[in-house]
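Visitor: Residue numbers (my numbering), protein chains in the order written: chain P, 110 to 310; chain V, 110 to 310; chain D, 110 to 310; chain C, 110 to 310.
For each residue, glycine too, the CB sits at the ideal point set by N, CA and C.
So that we are looking at the same thing, I have put the structure below in structure tokens.
4 protein chains.
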Amino acid sequence: MPPRASGLSPRSRGRPRSQASEDAILDATAELLAACGYRAVTVDAIAARAGASKATIYRRWPTKENLVIAAIARSPVLVPPARGDLTEQLATTIAQFARYMQETPLGGVLPALVAERTHNPALADALASLTKLRRQPLADVLMAGMARGELPAGIDCEFAQDLLIGPVLQRIMVMGQRVDRRFINRVVRTVCSGLRASAGR
Amino acid sequence: MPPRASGLSPRSRGRPRSQASEDAILDATAELLAACGYRAVTVDAIAARAGASKATIYRRWPTKENLVIAAIARSPVLVPPARGDLTEQLATTIAQFARYMQETPLGGVLPALVAERTHNPALADALASLTKLRRQPLADVLMAGMARGELPAGIDCEFAQDLLIGPVLQRIMVMGQRVDRRFINRVVRTVCSGLRASAGR
Amino acid sequence: MPPRASGLSPRSRGRPRSQASEDAILDATAELLAACGYRAVTVDAIAARAGASKATIYRRWPTKENLVIAAIARSPVLVPPARGDLTEQLATTIAQFARYMQETPLGGVLPALVAERTHNPALADALASLTKLRRQPLADVLMAGMARGELPAGIDCEFAQDLLIGPVLQRIMVMGQRVDRRFINRVVRTVCSGLRASAGR
Amino acid sequence: MPPRASGLSPRSRGRPRSQASEDAILDATAELLAACGYRAVTVDAIAARAGASKATIYRRWPTKENLVIAAIARSPVLVPPARGDLTEQLATTIAQFARYMQETPLGGVLPALVAERTHNPALADALASLTKLRRQPLADVLMAGMARGELPAGIDCEFAQDLLIGPVLQRIMVMGQRVDRRFINRVVRTVCSGLRASAGR
DNA sequence: CAGTAATCGAGACGGTACGTCCCGTCTTTAT
DNA sequence: ATAAAGACGGGACGTACCGTCTCGATTACTG
């Protein structure tokens, strides 16, 4: 994430960085990611496609990993549906997430970033904030459901998210299988049943 | 997995491949994997440690990825406990799995392999069989539980495994957090409740 | 021979190639050539000694052979003596050439390059221009001798050079024997006699 | 040169070496040499073409170089013509040699062997005896010429051979040019003139 | 309006891993 | 003991990518 002059800062001297270059680089990264996958993408190729130089890239992001994170972080966040009961809202939100994992570069990129994280703490932070952003809509739906009484009040929201997303990610990432709406519906139904039953634990 | 002469095959001519070399290579791979992580491991280093030549390695496995898969495929399978009720057996099995993911090279390697799979179908097969092997003990415990009546009879076993393993993998791999026995117990309890409640669905 | 911007060319964009690297690489090549001989020289060793990377080497010369040619092409040309009669000047020039063949890497490298030429036309050109440069001083001495009347006017200069150098090279390269000043003197005397006698042919 | 059981030796025990294999190997070597040149020829390729195994090759010749020498050593020696005066006999003999250098593998192989000799003394001996064999017919013609009085009696025969062969080899090997009968005639005439003139030296 | 400083595209640089190739040796079974 | 087949250790080759650096050319702010 490039530090940019905030409103009141003295506006650093010299030629300002080009927003156009930055956009072109991020676009090129996302496109090549979708086309070739993480490992096959080359910083040189990104530079060539963006019409930028490698110096311009590395001035903004310290490594290829960080560039990739920035590129996928630009994709739109999930929009939780306003209508329907809890089960339906959850299923719809998760389906959006699943589609996103299966039809955009993210699906191929996420494991690569996860693999790198072990040896790259800085990347871990960036990845964490990205993940948190992705999970937020699901949390919102859960909170609303609790407020409406569709779930017991004491539910651990993080735990519930793990229960809901984990199986889907397991199918898509680890097993490499496609996930359809039926599978998602079953997950949501079973997990909600379990959460309600274990409430008074 | 190098094809080896089956019992009745005519024993292909020429000097047979050395089992000792193969073992040394796989051992060296596993050790270096544990010590350095996937990305930092070098084929040259593996060859040096194994006292083998690179040609001997590449004769058996076409790429570094395949070699790594073969190395981790040798690790012992999970041993489901014979005692305890369903909940306890499941939790113990999953805890073994979690420990394995968190304290052996597998944790660092799996995402890298998953990331490669998209662009490498041959690797996908190897990974699938590996995954299946890892999941088997959990399936056994579930079947036994159903036989004892601790779970309704009609449960989809694959689905149940996804529900149980998914949240754990989500925590470890995607979130990069450690998983303790308490978390596993909660997952098992909630999922089992859900499965029982949704049985007649 | 890397193509370099000529005086009026628009100065190609990007970072220019480092002359310092180029010199270091050629120096290292010549030194290692002298120390180990052609076959034992390694591109990695050259890179290490020059403090350069292999990419920097291969950017300039497509193969090890071409690099070696460039390295030996830098050695100083023969300096024909200003004094003495034709016979003495020829003998001195040839003795310089013989010493050069016997005491520098060239002696070991030339046959290797000659051997490669058959299957490598690009190398043939480089070798031809190198050879021509080496023979020039001898041609100069012969022309001067003809001008002074020490040789008949109609002598074919290329032919005379072959007669003079051929026997020396035959001894050094093919027979692997050392050549001393006495042998050279005999060659020069005999060939000059023959050229004078066959003049009116 | 493989040690072979002499007539009266006790005929070493075990299966005798196959002469057919040896011939096939030498034929394959010569053919591949002609087709690809020395450097591009592989011992594996020779073995495959000869239907032999590498062990069979290395049991007979210690290195690739020695094998190559053995292969080219089988080619027929030059046959000096019985008729004609000295000049014509020399020219014919040299023309045979030139044709041999230009139209058989020898031309491409000789420089490679010469290049190797520096770092391989054992090869030097083999090469020397080969060279001597090639030069013998020329020596015979010279001796006969001296006996007939066409050359002065005191001529150094080795020296004369260097003068005659050197220029031809220079043209063919070093310059990479073709040599025709006219060139050879000029060399012979000029050298003979020179030898006669310098006789009383 | 001239000076200064950071930016830009281009591409060379050191380093390092990859996967291929070849040599000469060794280990099988078959003859 | 030798044969064919082919695996073995060793080591060089040439390629590719990363992240850094050096050019000349822009492009804004500053004095």
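So what's Ala-114/C in DSSP terms, helix, strand or just coil?
Guide: Locating residue 114/C in the fourth sequence gives position 5, where the first residue counts as 1. Caution applies to Ala-114/C, whose pLDDT of 38 falls short of 50 and renders its modelled position unreliable; the model cannot decide the point.
Visitor: Just to confirm before moving on: does the CB-CB distance between Arg-148/C and Ala-204/C stay below 8 Å?
Guide: The residue labelled residue 148/C in the question sits at position 39 within the fourth sequence. The residue labelled residue 204/C in the question sits at position 95 within the fourth sequence. Not closer than 8 Å, so no.
Visitor: Anyone know if the C-beta pair for Pro-246/C and Thr-202/C falls short of 8 Å?
Guide: For the purposes of this step, residue 246/C is taken as the residue at position 137 of the fourth sequence. For the purposes of this step, residue 202/C is taken as the residue at position 93 of the fourth sequence. In this structure, Thr-202/C lies closer than 8 Å to Pro-246/C by Cβ.
Visitor: If we define contact as Cβ-Cβ less than 8 Å, is Asp-234/C a contact residue for chain D?
Guide: The residue labelled residue 234/C in the question sits at position 125 within the fourth sequence. Taking Cβ atoms only, chain D never reaches closer than 8 Å to Asp-234/C, which makes this a no.
Visitor: In the segment 133-175 of chain V, which residue ranges form an unbroken alpha helix (DSSP H) of at least 4 residues, counting only runs that do not cross its ends?
Guide: Taking only runs of at least 4 residues, the alpha helix (DSSP H) segments lying wholly in the segment 133-175 of chain V are 152-159, 163-169.
Visitor: What's the C-alpha gap between Ile-166/V and Ile-134/V?
Guide: Looking up residue 166/V in the second sequence gives position 57. Looking up residue 134/V in the second sequence gives position 25. Taking the straight line joining both Cα atoms gives about 7 Å.
Visitor: Short of 8 Å Cβ to Cβ, which residues in the segment 274-287 of chain V face chain P?
Guide: Answer set for the segment 274-287 of chain V: Ile-274, Gly-275, Pro-276, Val-277, Leu-278, Gln-279, Arg-280, Met-282, Val-283, Met-284, Gly-285.
Visitor: I need the DSSP call for Arg-310/C, collapsed to helix, strand or coil.
Guide: For the purposes of this step, residue 310/C is identified with residue 201 of the fourth sequence, where counting begins at 1. Any reading at Arg-310/C must be qualified, since the residue scores a pLDDT of 48, below 50, and its modelled position is unreliable; no value is offered.
Visitor: Measuring alpha carbon to alpha carbon, tell me which residue in Ala-269/V, Met-284/V, Asp-265/V, Glu-259/V is nearest Glu-267/P.
Guide: Within the first sequence, the letter at position 158 stands for residue 267/P. Among Ala-269/V, Met-284/V, Asp-265/V, Glu-259/V, the Cα nearest to that of Glu-267/P belongs to Met-284/V.
Visitor: Does the distance from the C-beta atom of Val-297/D to that of Leu-199/D stay below 8 Å?
Guide: On the third sequence, position 188 is the one that residue 297/D refers to. On the third sequence, position 90 is the one that residue 199/D refers to. Yes, they are a contact pair.
Visitor: List the residues of chain C whose Cβ lies closer than 7 Å to the Cβ of Glu-225/D, in chain order.
Guide: Numbered from 1 along the third sequence, position 116 holds the residue referred to as residue 225/D. The contacting residues are Arg-148.
Visitor: Could you tell me which whole alpha helix (DSSP H) segments of length 4 or greater appear in the segment 212-239 of chain P?
Guide: Counting whole runs of 4 or more residues, the segment 212-239 of chain P contains the alpha helix (DSSP H) stretches 215-226.
Visitor: In the DSSP assignment, find the unbroken alpha helix (DSSP H) run with Val-322/P in it and report its ends.
Guide: Because residue 322/P is not part of the residues shown, which for chain P are 110 to 310, the question remains open.
Visitor: Within 10 Å of its beta-carbon, does Arg-124/D have 16 or more other beta-carbons around it, so buried, or fewer, so exposed?
Guide: For the purposes of this step, residue 124/D is taken as the residue at position 15 of the third sequence. Classification of Arg-124/D: exposed, given that the 10 Å Cβ count is below 16.
Visitor: Looking only at its own chain, which residues have a Cβ that is under 6 Å from the Cβ of Ala-308/C, when we skip the five neighbours before and after it?
Guide: For the purposes of this step, residue 308/C is identified with residue 199 of the fourth sequence, where counting begins at 1. If we look at Ala-308/C and ignore the five residues flanking it on each side, its Cβ neighbours are Pro-261.
Visitor: Go through its chain and collect everything with a Cβ distance to Ser-118/C's Cβ below 8 Å, but skip five positions before and after it.
Guide: The residue given as residue 118/C occupies position 9 in the fourth sequence. Only weak support exists for where Ser-118/C lies, its pLDDT of 47 falling under 50; the coordinates are left without a value.
Visitor: Is the beta carbon of Asn-175/C less than 8 Å from the beta carbon of Ala-233/C?
Guide: Position 66 of the fourth sequence, counted from the start, is the residue given in the question as residue 175/C. Position 124 of the fourth sequence, counted from the start, is the residue given in the question as residue 233/C. Going by C-beta atoms, Asn-175/C is not nearer than 8 Å to Ala-233/C.
Visitor: Tell whether a beta-carbon distance below 8 Å holds between Thr-138/C and Val-177/C.
Guide: For the purposes of this step, residue 138/C is identified with residue 29 of the fourth sequence, where counting begins at 1. For the purposes of this step, residue 177/C is identified with residue 68 of the fourth sequence, where counting begins at 1. Result yes, Cβ atoms of Thr-138/C and Val-177/C sit closer than 8 Å.
Visitor: If we ignore side chains and look at the alpha-carbon of each, how far apart do Pro-190/D and Gly-146/D end up?
Guide: Counting from one through the third sequence, the residue named residue 190/D turns up at place 81. Counting from one through the third sequence, the residue named residue 146/D turns up at place 37. Going from the Cα of Pro-190/D to the Cα of Gly-146/D covers about 30 Å.
Visitor: If you measure from the beta carbon of Thr-299/D to each beta carbon in chain C, is any gap under 8 Å?
Guide: Your numbering for residue 299/D matches position 190 in the third sequence. Closer than 8 Å: yes.
Visitor: Please state whether DSSP places Ser-184/C in a helix, a strand or coil.
Guide: Counting from 1 along the fourth sequence, the entry for residue 184/C is found at position 75. Looking at Ser-184/C - three-state DSSP - the assignment turns out to be coil, as it is neither helix nor strand.
Visitor: Any beta carbon from chain C within less than 8 Å of Gly-254/D's own beta carbon?
Guide: Translated into the one-based positions of the third sequence, residue 254/D becomes position 145. Not one chain C Cβ lies under 8 Å of Gly-254/D.
Visitor: Applying a beta-carbon distance threshold of less than 9 Å, which residues of chain P neighbour Gly-303/V?
Guide: As a working note, residue 303/V is residue 194 in the second sequence. Leu-272, Arg-298, Thr-299, Val-300, Cys-301, Ser-302, Gly-303, Leu-304, Arg-305, Ala-306, Ser-307, listed in chain order.
Visitor: Looking only at C-alpha atoms, which of Arg-244/P, Ser-238/P, Arg-287/P sits nearest to Leu-188/P?
Guide: Here residue 188/P corresponds to residue number 79 of the first sequence, with the count starting at 1. Before going on, a small fix: residue 188/P reads as Val here, not Leu. Val-188/P has its Cα closest to that of Arg-244/P, out of Arg-244/P, Ser-238/P, Arg-287/P.
Visitor: Compare the beta carbon distance of Gly-275/V and Gly-275/P with 8 Å and say whether it is the shorter of the two.
Guide: For this step, residue 275/V is matched to residue 166 along the second sequence. For this step, residue 275/P is matched to residue 166 along the first sequence. Yes, the Cβ-Cβ distance between Gly-275/V and Gly-275/P is below 8 Å.
Visitor: May I ask you to report which of helix, strand or coil DSSP gives Asp-249/C?
Guide: The residue you call residue 249/C lines up with position 140 of the fourth sequence. The answer is helix: DSSP assigns Asp-249/C an H, G or I state.
Visitor: Hey, Ala-248/C and Gln-270/C are a contact pair by Cβ (cut 8 Å); roughly how many whole angstroms apart?
Guide: Numbered from its first residue, the fourth sequence carries residue 248/C at position 139. Numbered from its first residue, the fourth sequence carries residue 270/C at position 161. Yes, Ala-248/C and Gln-270/C are in contact; Cβ-Cβ is about 6 Å, under 8 Å.
Visitor: Which chain C residues sit within Cβ distance under 8 Å of Thr-240/D?
Guide: Against the third sequence, residue 240/D aligns to sequence position 131. Within 8 Å Cβ-Cβ: Val-283, Met-284.
Visitor: Does DSSP put Gln-286/V in a helix, in a strand, or in coil?
Guide: Numbered from 1 along the second sequence, position 177 holds the residue referred to as residue 286/V. The answer is coil: DSSP assigns Gln-286/V none of H, G, I, E or B.
Visitor: Which residues, in chain order, does the segment 202-218 of chain D contribute to contact with chain C at a C-beta distance below 9 Å?
Guide: So the close ones are Gly-216, Gly-217, Val-218.
Visitor: Give me the residue from Ile-181/C, His-228/C, Thr-196/C with the minimum Cα distance to Tyr-209/C.
Guide: Along the fourth sequence, one-based indexing puts residue 209/C at 100. The residue with the shortest Cα to Cα distance from Tyr-209/C is Ile-181/C.
Visitor: Within a Cβ cutoff of 8 Å, which residues of the same chain sit near Leu-239/C, ignoring the five residues on either side of it in sequence?
Guide: If you number the fourth sequence from 1, residue 239/C lands on position 130. Here the set comprises Ile-178, Ile-181, Ala-182.
Visitor: Under the three-state reduction of DSSP, which class applies to Gly-303/V: helix, strand or coil?
Guide: Taking the second sequence and counting its residues from 1, one reaches residue 303/V at position 194. Of the three classes helix, strand and coil, the one that applies to Gly-303/V here is helix, per DSSP.
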